[in-house]
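Trainee: Residue numbers (this note's numbering), protein chains in the order written: chain A, 261 to 363; chain B, 261 to 363; chain C, 21 to 487; chain D, 21 to 487.
Please see the structure below; I have some questions.
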Amino acid sequence: MENTFEFFNENLILIYLLIFTIILGFEVISKVPTVLHTPLMSGANAISGVVIIGAILLMRQADPDDYTTLSLGFVAIILGMINVIGGFAVTDRMLEMFKKKKK
Amino acid sequence: MENTFEFFNENLILIYLLIFTIILGFEVISKVPTVLHTPLMSGANAISGVVIIGAILLMRQADPDDYTTLSLGFVAIILGMINVIGGFAVTDRMLEMFKKKKK
Amino acid sequence: MLTFAINLSYLLGAVLFVVGLRMLGSPDTARKGNILAGLGMMLAIIATAVEPLDNSSNNYSWIIAGMGVGGVIGFISAKKIQMTAMPQMVSIFNGLGGACAVILAFSESLPYYTADTVLNGGQLVIILSTLLIGGVSFTGSILAFAKLEGLVRDEKITLPYHNIFNLVLLGIAIVLGALIFMQGADGSLMLVLIFTALSLLYGFSFVAPIGGADMPVVISLLNSFTGLSAAAAGIIYDNQLMLVGGILVGASGTILTVLMCNAMNRSLINVLVGGFGGSSSGSTAAGSGDLVAREVSLNDASIQLNYSQSVMFVPGYGLAVAQAQKAIKEVDDILEANGVDVKYAIHPVAGRMPGHMNVLLAEADVPYPKLLDLEDANAALPNTDIVVIVGANDVVNPAAETDPGSPIYGMPVLKVWEAKHVIVLKRSMKPGYAGIENPLFFHEKTRMLFGDAKDSLQKLITELKNQ
Amino acid sequence: MLTFAINLSYLLGAVLFVVGLRMLGSPDTARKGNILAGLGMMLAIIATAVEPLDNSSNNYSWIIAGMGVGGVIGFISAKKIQMTAMPQMVSIFNGLGGACAVILAFSESLPYYTADTVLNGGQLVIILSTLLIGGVSFTGSILAFAKLEGLVRDEKITLPYHNIFNLVLLGIAIVLGALIFMQGADGSLMLVLIFTALSLLYGFSFVAPIGGADMPVVISLLNSFTGLSAAAAGIIYDNQLMLVGGILVGASGTILTVLMCNAMNRSLINVLVGGFGGSSSGSTAAGSGDLVAREVSLNDASIQLNYSQSVMFVPGYGLAVAQAQKAIKEVDDILEANGVDVKYAIHPVAGRMPGHMNVLLAEADVPYPKLLDLEDANAALPNTDIVVIVGANDVVNPAAETDPGSPIYGMPVLKVWEAKHVIVLKRSMKPGYAGIENPLFFHEKTRMLFGDAKDSLQKLITELKNQ
Ligand SMILES: NC(=O)c1ccc[n+]([C@@H]2O[C@H](COP(=O)([O-])OP(=O)(O)OC[C@H]3O[C@@H](n4cnc5c(N)ncnc54)[C@H](OP(=O)(O)O)[C@@H]3O)[C@@H](O)[C@H]2O)c1
Ligand SMILES: NC(=O)c1ccc[n+]([C@@H]2O[C@H](COP(=O)([O-])OP(=O)(O)OC[C@H]3O[C@@H](n4cnc5c(N)ncnc54)[C@H](OP(=O)(O)O)[C@@H]3O)[C@@H](O)[C@H]2O)c1
């Protein structure tokens with residue numbers, strides 16, 4: 261318990277940041293028209309591909325002879341990159357439609 | 261210049277927090293109906309009375325014989341408190357009206 | 021554990037501020053939002069009072085005394101103040117917050133020069149910023165108050181080339197600040213005092229040339245300054261809540277200011293470098309020389325009203341001045357009882373603060389659905405029999421649509437001339453806030469009913485009751 | 021200086037994520053928002069690639085190769101995929117993101133057991149959480165994909181008491197996680213592997229009982245899980261951007277999920293413990309025994325349409341299945357050329373994903389102003405001559421209004437029976453997604469036109485052209 265308190269006190273600003281980010285996440289989404297639900301989901305999915313950064317970090321720090329980590333990292337980068345590129349591209353395709361409608 | 265960079269790097273999370281707070285401040289206000297501008301201004305004014313916390317801290321740390329600081333702090337607490345209490349009370353009075361209208 | 025509880029309270033306070041501000045933005049939740057923000061403040065104050073501090077002498081008796089005095093003053097003035105004087109009140113409260121920040125910053129600068137506390141460059145910058153921003157907020161708000169109360173006339177305090185004068189003043193203050201910073205511990209308290217005085221002067225001078233009726237916008241801007249000064253003070257005391265709360269107010273105050281300007285169809289810059297209050301435009305003045313406004317008698321007006329199908333009131337600043345909101349409601353009641361359909365057309369910038377008319381009419385218990393906003397009102401006007409304009413002027417000026425030379429050209433107005441008849445209640449032919457003539461008064465559909473709005477309405481009531 | 025630039029890029033990336041997400045929420049700015057978020061991601065990736073690291077061997081060739089392969093696969097699949105299969109695509113992409121997090125967490129756990137890296141309790145908790153959340157997101161998304169593609173039938177994979185089974189499974193995983201945590205450095209990699217396997221199994225089992233057509237909601241939920249796993253991985257790597265970006269997606273994904281449920285008039289819990297897809301309700305089945313649905317001939321239908329004043333199309337899931345969007349537009353064009361006023365009534369949950377119909381019709385270049393939302397459509401229906409229902413069913417079911425026993429009771433529907441005539445295009449009398457009968461088909465105003473939607477529409481086009 262004491263540990264938790266200490267952790268809280270030491271990382272106070274980080275905790276402020278997290279809570280504010282959560283509120284911001286809520287705030288930013290509320291009142292989105294139904295039509296945009298799918299593109300929004302898709303866009304959020306692309307952003308969650310930010311996990312690729314972890315894969316890059318893993319890879320950069322891996323021992324060049326440690327083939328286990330290297331292959332794991334390699335797969336992770338591929339998967340993450342599919343999520344990122346595919347995510348943004350598919351969102352853009354969906355939104356292209358909306359643009360057309362405006363005319 | 262180097263100093264600024266260092267400051268930035270060391271207080272990175274704080275800076276994230278500040279920027280997110282600014283975005284949150286923008287986000288929370290945009291799209292407020294005109295009728296609520298005045299109460300909102302008044303409410304924000306009450307919140308800016310948070311400066312009273314500084315006055316309390318000043319006072320608590322003042323030397324009991326340091327009458328300059330004590331009297332400055334005393335005045336600061338009075339002013340801050342007027343801002344806080346007056347601010348919330350006047351906002352509430354304005355909003356009371358809106359409640360009545362709902363019936 | 022105690023530290024944890026304290027930190028948690030601050031965090032909760034910050035979240036309550038955000039949530040409260042958020043809820044203040046929609047009519048259904050606004051009141052709760054204000055209460056939540058107030059709760060956050062209470063939490064924060066308690067946390068500050070019990071927070072463990074190094075070598076603190078606490079001086080609780082002083083603190084409690086100060087809080088008591090301030091609280092009572094604040095509470096009583098908030099309760100006693102008249103509905104229509106609320107913007108002034110907010111302005112004073114805001115100024116006092118700024119003054120509080122100035123005092124804090126000044127007190128924190130004392131040890132550098134009187135005791136031998138080691139001077140920290142970063143801290144000094146923060147202190148000077150707090151002095152400047154807080155100072156501007158203080159005197160600016162006080163002057164805004166004085167203008168709104170009518171204690172000060174715009175022309176009396178405006179210099180020629182005032183905007184240039186302001187820039188120079190600000191420049192001097194900044195140079196002096198830089199000097200103080202560079203001198204560091206060798207500097208003198210005297211310079212800091214001069215810097216403070218300059219800041220206060222600048223705040224006054226900053227607001228001086230701005231048109232009296234633009235004060236709501238200015239107050240909102242100064243409010244965001246107070247927020248910023250609170251945030252700066254938060255850095256001095258290394259207090260996250262002050263920092264976060266201050267920044268929050270700073271950001272939302274800025275946006276609110278911009279929104280207010282938008283509602284008047286003007287830019288912030290336009291408001292700041294001097295509104296149209298002073299410069300009288302001659303563009304429409306010429307047209308009126310040979311035209312005469314036609315009057316209507318009380319009796320005729322009351323008969324017309326009573327036998328119409330639909331009446332639209334257009335309240336304006338004059339309604340607020342005359343405090344005629346209850347009288348207008350009484351006329352409404354009588355007409356409704358006689359089967360007349362009564363509505364109110366609320367222009368977004370009618371009166372002198374956003375929502376002014378709504379607040380006033382709500383005070384007189386006018387039901388919400390009777391208030392039409394600009395768009396709905398303009399849609400309903402062509403089918404309206406009689407429009408009764410009560411102390412409004414600029415918001416029904418057709419020049420905004422037809423005369424590109426008019427200073428209010430482009431502002432959306434209530435197209436009352438599309439109704440069948442128009443009756444205007446005001447005291448004279450004098451112009452309103454924008455200082456320009458109103459061709460509507462010479463329109464063939466228009467009849468004037470001169471006199472104080474409350475007076476005229478009360479006479480109408482008597483006439484209506486006698487029919 | 022370099023560190024500063026790196027940190028600044030990350031910060032900018034985070035701000036771009038927030039702003040991008042914000043802009044994605046309104047139709048005018050959505051596309052720009054997506055691009056901005058993508059820019060933020062690019063910035064972040066570059067910053068990560070050049071960031072100075074202690075004893076890094078970099079392995080840039082591996083990284084570039086991986087990014088190349090992944091990028092090409094992602095780009096091509098995104099471009100090749102059919103409009104209607106996009107939800108599936110998003111689901112796979114999301115699952116891969118989850119898989120990526122699982123691999124990261126697993127790799128980071130390796131040194132604790134294979135090398136003699138000192139184990140850090142806090143880190144281990146984070147690693148286990150990432151494994152669990154990422155794992156659920158991975159297999160859950162894959163199953164959601166399979167269901168949407170029709171590769172898996174709901175009944176085949178649902179056990180009796182499946183929800184209890186799930187709870188037990190989750191319980192076991194958590195207990196195992198606690199065990200691993202307590203054993204600390206004495207634990208074995210085997211246990212971690214089992215824990216990972218359990219997480220993957222749980223993800224699969226979590227999605228299994230949920231009705232196939234609820235998948236869009238599930239995908240949104242799993243998306244927020246991927247965000248959370250990215251945030252957890254951000255703690256492992258002490259990277260603020262991963263943390264902030266992940267939390268942002270976690271929070272907004274959760275809200276989006278709730279919004280989607282609201283649009284279907286259901287609660288999230290209701291969706292999660294098994295939709296109405298499985299349980300067939302008998303409440304309305306009884307009424308239909310002796311009723312017969314009346315058919316209409318192609319020829320009659322085309323004449324009716326051609327001589328009407330106004331036609332309202334009601335597209336539904338069947339339109340998407342039959343890929344009939346271009347055909348419907350062609351009918352529209354012909355009718356408009358003959359002076360018929362044509363509109364489309366878009367129910368918020370028509371089809372199988374939010375906005376499904378809008379996307380489809382936009383693909384066929386139907387102009388935006390022709391699409392009426394639920395309210396506008398219901399207001400226009402009483403004045404509509406003919407309603408043509410193209411593969412819709414539940415969204416026009418009057419039982420939602422009249423039969424409290426119906427599983428869709430309370431959902432707002434399009435009141436097509438208020439129009440003068442109704443023509444229904446579907447293949448059979450089979451029910452739609454909710455699995456219930458539709459009294460509308462037996463309504464006196466209704467005529468059925470059986471057959472595949474695209475087929476029927478194309479025959480209509482031929483008829484119309486021959487007139
Ligand atoms: N609402 C806001 O937020 C806000 C903020 C800043 C500026 N403004 C500006 O304020 C103006 C508001 O327009 P408005 O039409 O409401 O007001 P206005 O144009 O200022 O006109 C008010 C009229 O009321 C009359 N009046 C004054 N006292 C009266 C009394 N006791 N009895 C009867 N009539 C009286 C005056 O004429 P007599 O002297 O002849 O009686 C005057 O012409 C706009 O120009 C707007 O841009 C609004
Ligand atoms: N939009 C969303 O976000 C979402 C998400 C999850 C669930 N849902 C649910 O999905 C349902 C949507 O309602 P809906 O009215 O659009 O669809 P629906 O109720 O599922 O009915 C679709 C109808 O289309 C017909 N059909 C299928 N293939 C066809 C073809 N090739 N040609 C012609 N007709 C065809 C089917 O009848 P035949 O087999 O006789 O042809 C079926 O009755 C609602 O219950 C909603 O709650 C929506």
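Where a beta carbon is used, it is the ideal one built from N, C-alpha and C, also for glycine.
Remember, it's a predicted structure, so these values are computed and weren't measured experimentally.
Keeping to the same chain, check which residues put their C-beta closer than 6 angstroms to that of I153(C); ignore five residues upstream and five downstream.
Mentor: Here the set comprises F245, L248 and S249.
Trainee: Which residue from L242(D), T134(D) and P459(D) puts its Cα closest to that of M210(D)?
Mentor: Looking at the Cα atoms, T134(D) is the closest of the given residues.
Trainee: Using a threshold of 8 angstroms, state whether the C-beta atoms of P451(C) and T298(B) are closer than that.
Mentor: No, the pair does not count as a contact, with Cβ atoms beyond the cut-off.
Trainee: Report back the beta-carbon spacing between L218(C) and A198(C) to the nearest angstrom; my notes put them in contact at under 8 angstroms.
Mentor: At roughly 13 angstroms, the Cβ-Cβ gap does not stay under 8 angstroms, so L218(C) and A198(C) are not in contact.
Trainee: Give me whichever residues DSSP pairs with Y364(C) in a beta bridge.
Mentor: DSSP lists F333(C) and L391(C) as partners of Y364(C).
Trainee: If you measure beta-carbon to beta-carbon, which residues of the stretch 273 to 284 of chain B are closer than 9 angstroms to chain C?
Mentor: The residues in question are L274, L277, L278, T281, I282, I283 and L284.
Trainee: Can you tell me whether L73(C) is buried or exposed, with buried defined as 16 or more other CB within 10 angstroms of its CB?
Mentor: That one is exposed.
Trainee: Run the CB neighbour count on S299(D), radius 10 Å, all protein chains shown included, and call it buried at 16 or more, exposed below.
Mentor: Per-residue confidence for S299(D) stands at a pLDDT of 40, beneath the threshold of 50, marking its modelled position as unreliable; no derived number is given.
Trainee: Distance, Cα to Cα, A306(C) vs M103(C)?
Mentor: Because the pLDDT of A306(C) is 39, which lies under 50, any placement of that residue in the model is unreliable, and the number read from its coordinates should be weighed accordingly. The straight-line gap from Cα to Cα measures roughly 39 angstroms.
Trainee: Looking at G371(C) and ligand 1, is the gap between the Cβ and the nearest heavy atom below 7 angstroms?
Mentor: At least one heavy atom of ligand 1 is nearer than 7 angstroms to the Cβ of G371(C), so yes.
Trainee: Secondary structure at H441(D), three-state DSSP: helix, strand or coil?
Mentor: H441(D): strand per DSSP, three-state reduction.
Trainee: Nearest to N129(C) by CA position, among E315(C), A119(C), G117(C) and I146(C), is which residue?
Mentor: First, the amino acid is wrong: residue 129(C) is Ser here, not Asn. Answer by Cα proximity: I146(C).
Trainee: Nearest CA to the CA of Q487(C): which residue from A98(C), G160(C) and N358(C)?
Mentor: Checking every option, the nearest Cα to that of Q487(C) belongs to N358(C).
Trainee: Identify which residue in S290(B), I279(B) and L296(B) has its Cα closest to the Cα of P47(C).
Mentor: Of S290(B), I279(B) and L296(B), the residue nearest in Cα terms is L296(B).
Trainee: Hey, would you say S161(D) sits closer than 8 angstroms to N186(D), going by beta carbons?
Mentor: In this structure, N186(D) does not lie closer than 8 angstroms to S161(D) by Cβ.
Trainee: From what residue to what residue does the beta strand (DSSP E) around F470(D) run?
Mentor: From DSSP, the beta strand (DSSP E) with F470(D) extends over T466 to F470.
Trainee: Which of the three DSSP states is assigned to I65(D) in this structure?
Mentor: Helix, per DSSP.
Trainee: Mind listing which residues of the stretch 307 to 339 of chain B have their C-beta closer than 9 angstroms to chain A's C-betas, in chain order?
Mentor: Here the close residues number zero.
Trainee: Pick helix, strand or coil for K446(D), following the three-state DSSP scheme.
Mentor: In the structure shown, K446(D) sits in a strand (DSSP, three-state: E or B).
Trainee: Which residue from F126(C), P229(C) and P387(C) puts its Cα closest to that of K176(C)?
Mentor: Per the Cα distances, P229(C).
Trainee: Any beta-carbon of chain C closer than 8 angstroms to the one on F265(A)?
Mentor: Yes, because at least one Cβ of chain C sits closer than 8 angstroms to the Cβ of F265(A).
Trainee: At 8 angstroms on the CB atoms, spell out the chain B contacts of E287(A), in chain order.
Mentor: In chain order: L284, E287 and V288.
Trainee: Output yes if chain B places a C-beta closer than 8 angstroms to the C-beta of I93(C); else output no.
Mentor: It does; some Cβ of chain B falls within 8 angstroms.
Trainee: Tell me E315(D)'s beta-bridge partners as DSSP assigns them.
Mentor: Partner(s): M468(D).
Trainee: State the Cα-Cα distance for the pair G297(D) and A454(D), rounded to the nearest angstrom.
Mentor: The pLDDT assigned to G297(D) is 41, lower than 50, so where the model puts this residue is not dependable; a value taken from the coordinates is nonetheless given after this. For G297(D) and A454(D), the distance between alpha carbons rounds to 5 angstroms.
Trainee: Please list the segments of the alpha helix (DSSP H) lying wholly inside the stretch 160 to 207 of chain D, counting only runs of 4 or more residues, in order along the chain.
Mentor: Listed in chain order, they are 182 to 203.
Trainee: Is DSSP giving I348(C) helix, strand or coil here?
Mentor: Helix.
Trainee: Please classify T274(D) as buried or exposed, where buried requires at least 16 other C-beta atoms within 10 Å of its C-beta.
Mentor: T274(D) is buried by the Cβ-count criterion.
Trainee: Would you kindly check if the distance between the Cβ of R314(C) and the Cβ of M468(C) is under 8 angstroms?
Mentor: In this structure, R314(C) lies closer than 8 angstroms to M468(C) by Cβ.
Trainee: On the CB-based measure, 16 or more other CB atoms within 10 Å of its CB, does T264(A) come out buried or exposed?
Mentor: Exposed, because fewer than 16 other Cβ atoms sit within 10 Å of the Cβ of T264(A).
Trainee: Would you say the beta carbon of H376(C) comes nearer than 7 angstroms to a heavy atom of ligand 1?
Mentor: For ligand 1, at least one heavy atom lies less than 7 angstroms from the Cβ of H376(C).
Trainee: F268(B) CB to nearest chain C CB: under 8 angstroms?
Mentor: False, the Cβ-Cβ gap to chain C never drops below 8 angstroms.
Trainee: At least one CB of chain D closer than 8 angstroms to the CB of N305(A): is that the case?
Mentor: Taking Cβ atoms only, chain D reaches closer than 8 angstroms to N305(A), which makes this a yes.
Trainee: Any C-beta of chain A within less than 7 angstroms: which residues of the stretch 22 to 40 of chain C qualify?
Mentor: Hits within the stretch, in order: T23, F24, N27, L31, A34, V35 and V38.
Trainee: Would you kindly work out how many angstroms separate the C-alpha atoms of G223(D) and I214(D), rounded to a whole number?
Mentor: So the two alpha carbons sit approximately 14 angstroms from each other.
Trainee: Name the DSSP beta bridge partners of V407(D), please?
Mentor: BP columns for V407(D) point to M332(D) and V442(D).
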